[in-house]
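Numbering of the sequence shown is given in the working numbering, commencing with residue 6 and proceeding in unit increments.
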Amino acid sequence: MLKKTLLALAFTGVAVAAFAQQSGIKRTPLQKIDFPDGYTTVTAIAEVPAGGAAGRHTHPGIETGYVLEGELDLLIDGQPDKRLKAGDSYQIPAGAVHDAKTHGDKPLKVLGVYVVDKTKPLASPAP
């Protein structure tokens, strides 16, 4: 069991690093726990430079978050665009294609919580 847990954590960490390199976003994992059954819950800080975007992507589970610094336009396919600022929170449904674009001249920093299928990468690029 320990071997499977370590493998899942390593896989999730590699997926975070690979996705961050592809999109220019910096994700700093803070904690990971295998809970609830079949899922991994990841808490991370995500940073996007001023004028940047996370890039269209999906997660194999839900994402909730809190904007720590900056402003963003949160674009979720099938929903109206949302302008968020420091102090605002958000929720993104499992599998929803979304993007976060900085607004203004400041970088964006959010605290994200991802509850994702532990057999899949944390994030996958979307067209």
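Note that CB positions come from ideal geometry on N, CA and C, so glycine has one too.
Cβ atoms of Thr107 and Gly75 come within 8 Å of each other, at about 6 Å. The segment 81-91 and the segment 41-49 do not touch, with fewer than three beta-carbon pairs separated by less than 8 Å.
Annotated three-state conformation of Arg61 is coil, per DSSP. Per DSSP, Val102 is not a residue of any beta strand (DSSP E), being assigned neither H nor E. Nearest in C-alpha terms to Lys123, of all of Phe40, Gly29, Ile30 and Ser129, is Phe40. Judged by DSSP secondary structure, Lys114 falls within the beta strand (DSSP E) whose first and last residues are Leu113 to Asp122. Leaving aside the five residues that flank Lys90 on each side, the residues in its chain whose CB is nearer than 7 Å to its CB run, in chain order, Val72 and Glu76.
In the DSSP assignment, Ala51 is bridged to Arg32 and Val115. With a threshold of 16 other beta carbon atoms within 10 Å, Pro65 meets it and is buried.
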